[in-house]
Structure formats: structure tokens, C-alpha cells
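Numbering (our numbering), first residue to last: 4 to 171.
Below, the structure written as C-alpha cells:
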């Protein structure tokens, strides 16, 4: 689906989590031990991870100017539950928000979002416009107006649909 390189920094975690579900096929890697293991999740934590994933997807769709794909728990509500602290580097005095406990996925995602907000990259993480895709991707286009995870697949399909709709 997505031939783009991974999002920078902590956004790679967010992108990877959103992309655990292939909407077109219905395959959800959080259904597998290996898939959950990529995020340090036990089987009983998969449902909360799915809720977080879909709330993230809704925000990434908004970043791309698209309506939410379904009703979800607002991402702000979920991230408000995250346990973070200010970590200060003793060598250079730099500071960042970090998970209070490195285990919980929610705290790692909240720290990644905070990092991206500071870096100004948060709104560059988007979800594909295609309703059969909604794959997360990092928009590296100069104007930041990317609409699809792949111009060769989803973009080409959308353009072909518009062309056919015009008729002869």
C-alpha cells in the first residue's frame, strides 16, 4: 500500500500503530501475538490499542482535510490519561516530555505527539483520502498538501474514478 519512507522521530510509532489495520482486507496485526509484540502489548491490551489507533486515524484524516471515518473517542481524551514527565538532559540542558513508564503504549504515543508538536511535524502525519485505505503516511511534499498514501495506487484510482465520472 505505502511505498513512502517511515515518518520521522516518534511519529514512526504513531504511523506504525495506525497502519496495523488494513481496511481493504480487514487484516489487523493486533490480532496476532507478533503484531501485539511490536508494541509491547499483552493480548488483553489490544482493545485499548485499537481504540487509540482509530482515534489517531481520525486526527490524521483531519490533518489531510477529510472527515472522520467513524465516531471515535476524541484523541485528547485518550492522551489526557497518559503518564508523562519532563526529562532534562544534564549534558546540554535540553528538555522533552517522556513517558513516565516506558511500557504503556498510550504514554509512548503521547510523548511522540508532544515531540512532533515541538518539532512542527505533527500535522504532516496524515491518513490517505481513499475510504478503502486510510493508511497513515508522512507528507513530505513541499506544500504539505498530500492526499494519498501512494500516487501510484490510491491517487491513480481516485483520478481514474473522476475521469470516468466525467463520461464521454
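Glycine included, each C-beta is placed from N, C-alpha and C at the ideal position.
Can you round the beta-carbon distance between residue 81 and residue 109 to whole angstroms, since I take them to be within the 8 Å contact cut?
At roughly 7 Å, the Cβ-Cβ gap stays under 8 Å, so residue 81 and residue 109 are in contact.
With residue 87 and residue 56 assumed to form a contact (beta carbons below 8 Å), what rounded beta-carbon distance in angstroms separates them?
Residue 87 to residue 56, Cβ: 20 Å. No contact.
Between which residues of its own chain and residue 76 is the CB-CB distance below 7 Å, once the five residues before and five after are set aside?
54 and 58
Can you tell me whether residue 44 is helix, strand or coil according to DSSP?
DSSP places residue 44 in coil when its eight states are reduced to three.
Out of 135, 96, 148 and 146, which one is the CA nearest neighbour of residue 28?
It is 135 whose Cα lies nearest to the Cα of residue 28.
What's the gap between the Cα of residue 5 and the Cα of residue 70?
Low per-residue confidence applies at residue 5: pLDDT is 47, beneath 50, and the placement is therefore not dependable, though the value from the model is reported in the following sentence. Rounded to the nearest angstrom, the two C-alpha atoms are 21 Å apart.
Is the Cβ-Cβ distance between residue 85 and residue 99 less than 8 Å?
no
Could you have a look at residue 4 and say whether DSSP puts it in helix, strand or coil?
At residue 4, the pLDDT of 49 sits below 50, so the modelled position is not reliable; the number obtained from the coordinates is stated separately. Here residue 4 sits in coil by DSSP.
Can you give the Cα-Cα distance for residue 41 and residue 16, rounded to whole angstroms?
10 Å
For residue 148, does the count of other Cβ atoms within 10 angstroms reach 16, so buried, or fall short, so exposed?
exposed
So residue 138 and residue 131 are in contact, right, with Cβ under 8 Å, and what is the actual spacing, rounded?
5 Å
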